[in-house]
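With the working numbering applied, the sequence shown closes on residue 929, and no number is skipped along the way.
The beta carbon of each residue, even a glycine, is placed where N, CA and C say it ideally should be.
Predicted model only: the values in this text are computed from it and were never measured.
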Amino acid sequence: MGQLIAVAVITVLAVISPGADFAMTVRNSYLYGRAAGVLAAVGIAAGVLVHVTYTMLGVGLLVSRSPMLFTAMKLIGAAYLVYIGYKTFVAKSQVDIDLSEGAGLSRAGALRTGFLTNALNLKTMLFVLSTYTQVVSADTPVLQQVGYGLFMSFAHLVWFGLAAVLFSQQGLRARLLRKQAVLNKVIGTVLVGLGMVLALTPAVA
């Protein structure tokens, strides 16, 4: 149960922490409408599964063949959580969003931009890797690991789908972004705390 809670908390905080995926979703929704934003959210969720797939395979090999290396990766993963927590805490109050009009965006284009934003996103890769190294052990069932990945993808879909709905209503944009400074402080503090706790928690053999 503790592992499930850890995955849920880390995932939710990482998802709502503003980044390239958030900026791209806001841009698509603001410029091209709700459908473009929602399709981008679907692409983002699919992109997460790319990282989940290779992370599951890699972490499984480390657990079974090199426990010491896995422990080292666990500590690095915890350190990364502390790092992104700190960076989020001290981040400027607004994420940069390019609102230049540009060419029109097709449905396939909206889906593709969402997918590529996360499939090629270093932050997402490190988030998935750091989370799995904290909660996966030698006796973690494969179905449970798959469940973690599906939850991560679903959380991205829900959050960015909601962002698409909200930011396609242009009047809400400025008011929501003004709350970002406080949100950054809360997310950063919790992530730093989680990273420190997980770093001190022994890996299960």
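Nearest-angstrom Cα distance between residue 733 and residue 872?
Counting from 1 along the sequence shown, the entry for residue 733 is found at position 9. Counting from 1 along the sequence shown, the entry for residue 872 is found at position 148. Between residue 733 and residue 872, the C-alpha separation is close to 12 Å.
Just to confirm, is the Cβ distance from residue 768 to residue 884 under 8 Å?
For the purposes of this step, residue 768 is identified with residue 44 of the sequence shown, where counting begins at 1. For the purposes of this step, residue 884 is identified with residue 160 of the sequence shown, where counting begins at 1. Yes, the pair counts as a contact, with Cβ atoms nearer than the cut-off.
Grouping DSSP H, G and I as helix and E and B as strand, with all else coil, what is residue 893?
As a working note, residue 893 is residue 169 in the sequence shown. Of the three classes helix, strand and coil, the one that applies to residue 893 here is coil, per DSSP.
Three-way DSSP call (helix, strand, coil) for residue 928 in this model:
The residue labelled residue 928 in the question sits at position 204 within the sequence shown. Residue placement at residue 928 is poorly supported in this model, since its pLDDT is 44, which falls under 50; the coordinates are not used for a value here.
Would you give the residue range spanned by the alpha helix (DSSP H) that residue 829 belongs to?
By one-based count along the sequence shown, residue 829 stands at place 105. From DSSP, residue 829 is part of no alpha helix (DSSP H); its letter is neither H nor E.
Which residues mark the beginning and the end of the alpha helix (DSSP H) in which residue 801 is found?
Taking the sequence shown and counting its residues from 1, one reaches residue 801 at position 77. 791-813 is the extent of the alpha helix (DSSP H) around residue 801.
For the putative contact between residue 761 and residue 891, defined by C-beta atoms under 8 Å, what is the C-beta separation to the nearest angstrom?
Translated into the one-based positions of the sequence shown, residue 761 becomes position 37. Translated into the one-based positions of the sequence shown, residue 891 becomes position 167. Right, their Cβ atoms sit about 7 Å apart.
Tell me whether residue 860 sits in a helix, a strand or coil according to DSSP, three-state version.
In the sequence shown, counting from the first residue as 1, residue 860 sits at position 136. Residue state, collapsed to three classes: coil.
On the DSSP letters alone, give me the boundaries of the alpha helix (DSSP H) that residue 752 sits inside.
On the sequence shown, position 28 is the one that residue 752 refers to. Residues 744-756.
Just verifying my parser: in three-state terms, what is the DSSP assignment at residue 854?
Indexing the sequence shown from 1 puts residue 854 at position 130. Three-state DSSP puts residue 854 in a helix.
Between the CA atoms of residue 921 and residue 739 - distance to the nearest angstrom
Counting from 1 along the sequence shown, the entry for residue 739 is found at position 15. Counting from 1 along the sequence shown, the entry for residue 921 is found at position 197. If you take the alpha carbons of residue 739 and residue 921, they lie about 20 Å apart.
Residue nearest to residue 756 in terms of C-alpha spacing, selected from 790, 806, 888:
Locating residue 756 in the sequence shown gives position 32, where the first residue counts as 1. It is 888.
Can you give the Cα-Cα distance for residue 800 and residue 854, rounded to whole angstroms?
Walking along the sequence shown from the start, residue 800 turns up at place 76. Walking along the sequence shown from the start, residue 854 turns up at place 130. Straight-line Cα distance between these residues: approximately 7 Å.
Using only the alpha-carbon positions, how far apart do residue 840 and residue 779 sit?
Against the sequence shown, residue 840 aligns to sequence position 116. Against the sequence shown, residue 779 aligns to sequence position 55. One C-alpha to the other measures close to 18 Å.
Look at the alpha carbon of residue 810 and the alpha carbon of residue 918, and state the distance between them as a whole number of angstroms.
What you label residue 810 is simply residue 86 of the sequence shown in a count that begins at 1. What you label residue 918 is simply residue 194 of the sequence shown in a count that begins at 1. Between residue 810 and residue 918, the C-alpha separation is close to 12 Å.
Buried or exposed: where does residue 751 fall if 16 or more other Cβ atoms within 10 Å of its Cβ makes it buried?
As a working mapping, residue 751 is identified with position 27 in the sequence shown. With 16 or more other Cβ atoms within 10 Å, it is buried.
So residue 852 packs on residue 772, CB below 8 Å; how close in whole Å?
To locate residue 852, count along the sequence shown from 1; it is residue 128. To locate residue 772, count along the sequence shown from 1; it is residue 48. Indeed they touch by this definition, with Cβ atoms about 7 Å apart.
Simplified DSSP state of residue 867, which is helix, strand or coil
Indexing the sequence shown from 1 puts residue 867 at position 143. Helix.
Quick one, which of 860, 836, 906 has its alpha-carbon nearest residue 791's?
Here the question's residue 791 lines up with position 67 in the sequence shown. Among 860, 836, 906, the Cα nearest to that of residue 791 belongs to 860.
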